[in-house]
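> So the sequence shown is numbered by our numbering: it starts at 144 and just counts up by one.
Glycine included, C-beta positions come from ideal geometry on N, C-alpha and C.
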Amino acid sequence: LPQRRGTPMPPAPPDGTPLPFDSPTDRRAYFADWLTAKENPFFAKAVVNRVWRNYLGRGLVEAEDDLRETNPPTNAALLDALTADFVAHKYDLKHLSRVILNSATYQRSSVPLPGNRDDDRYYSHYPIRRLSAEVILDAYSDVTGVPTAFPQVSLGPTGGTKASGVPTGTRAMQLPDSLVVVRFLDAFGRAERAVSCACERTADPNLGQALHLNNGQTLNDKLRDPKSRAATWAAAGVPDAEIVDRVFRLALCRP
144 LPQRRGTPMP PAPPDGTPLP FDSPTDRRAY FADWLTAKEN PFFAKAVVNR VWRNYLGRGL
204 VEAEDDLRET NPPTNAALLD ALTADFVAHK YDLKHLSRVI LNSATYQRSS VPLPGNRDDD
264 RYYSHYPIRR LSAEVILDAY SDVTGVPTAF PQVSLGPTGG TKASGVPTGT RAMQLPDSLV
324 VVRFLDAFGR AERAVSCACE RTADPNLGQA LHLNNGQTLN DKLRDPKSRA ATWAAAGVPD
384 AEIVDRVFRL ALCRP
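#1: Provide the residue(s) that pair with Lys305 in DSSP beta bridges, ordered along the chain.
#2: Could you give the first and the last residue of the continuous alpha helix (DSSP H) run that contains Phe399?
#3: Any idea which residues DSSP pairs Asn214 with across the strands?
#4: For Arg193, which option in Lys365, Ala341, Phe331 and Pro157 has the closest C-alpha, if you only look at C-alpha atoms?
#5: Pick out whichever of Ala374, Tyr198, Asp223 and Ala155 has its Cα sitting closest to the Cα of Phe174.
#6: According to the neighbour-count rule (16 or more other Cβ atoms, all chains shown, within 10 Å of its Cβ), is Val191 buried or exposed?
#7: My understanding is that Pro270 touches Gly200, with C-beta atoms under 8 angstroms, so please give their C-beta distance in whole angstroms.
#8: Compute the Euclidean distance between the alpha carbons of Leu178 and Ala227, then round it to the nearest angstrom.
#9: Can you look up Arg323 in the DSSP assignment and give me helix, strand or coil?
#10: Below 7 angstroms between beta carbons: does that hold for Glu343 and Ala315?
#11: Could you give the distance in angstroms between the alpha-carbon of Val390 and the alpha-carbon of Ala219?
#12: Taking the alpha-carbon positions, what's the Asp209 to Thr375 distance?
#13: Run the CB neighbour count on Arg372, radius 10 Å, all protein chains shown included, and call it buried at 16 or more, exposed below.
#14: Start and end of the alpha helix (DSSP H) containing Gly351?
#15: Report yes if the C-beta distance between Ala330 and Gly351 is below 7 angstroms; otherwise report no.
#16: Quick one, are the C-beta atoms of Arg251 and His238 less than 7 angstroms apart?
#17: If you compare alpha carbons, which of His232, Arg392 and Gly288 is closest to Lys370?
#18: Within the same chain, show all residues whose beta-carbon is closer than 7 angstroms to that of Ser297, passing over the 5 residues directly before and after it, in chain order.
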């Protein structure tokens, strides 16, 4: 109706009370208060669903950024319970993560039974998923004992690069944005952060990833580095079988 009349509409969050034009309140503060209000039905539920998907590989609502009445969650009671608990603990993400990671759902075996082999949404078994690009790269650094260097940052669409200033020892998970030049992360599907869609990040395997692991410099340079764990152990005379056992434990944290 205001559009038809040609009158300006007062600023208002979705389903929220409009803020008068003459209000001295900072509109950003007003929006933030609405966003984190206990009665807000959108924010907490969206955060819970995204964190759940981060750990389980599939959101209670999938796609995780498609929350609407016509796309219901696979377990509405669970989503509501997690949301209420998240709000009650003042939007504490560490608490939410702790609840999910200590749940029987997260700790289920990834080996399916004959009766639930085709289940891809009710978490009868843990859905196998590939690690994210940054986690894989950090794992290579941890296992080999050789940190990854990030010497260059892209100048964006104009092309070219410049020195990044990223200190040695920085983890891939700590990189501030996707402009830091890392071919490994690009090959394994890191998000470009060009649009606000979770679909930017991919986890699909492809030939480029296999070639990068076999012939790329990332892993091979870590293995041939004279300060790598393998080189250090070999120089110390550690038997081959013991080296294999140590690497296995470092990578998978079990015998």
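According to the data block:
#1: For Lys305, the pairing in a beta bridge is given by DSSP as Val296.
#2: Not covered by the structure: residue 399. The range shown for the chain is 144 to 398.
#3: Arg211
#4: Ala341
#5: Ala155
#6: Val191 is classed as buried because its beta carbon has at least 16 other beta carbons within 10 Å across all chains shown.
#7: About 5 angstroms; that satisfies the 8 angstroms criterion.
#8: 15 angstroms
#9: Rather than Arg, the amino acid found at residue 323 in this sequence is Val. Looking at Val323 - three-state DSSP - the assignment turns out to be strand.
#10: no
#11: Approximately 42 angstroms between the Cα atoms of the pair.
#12: 50 angstroms
#13: buried
#14: Its alpha helix (DSSP H) spans residues Leu350 to Asn358.
#15: Taking 7 angstroms as the Cβ cut-off, Ala330 and Gly351 qualify as a contacting pair.
#16: no
#17: Gly288
#18: Thr304, Leu322 and Val324
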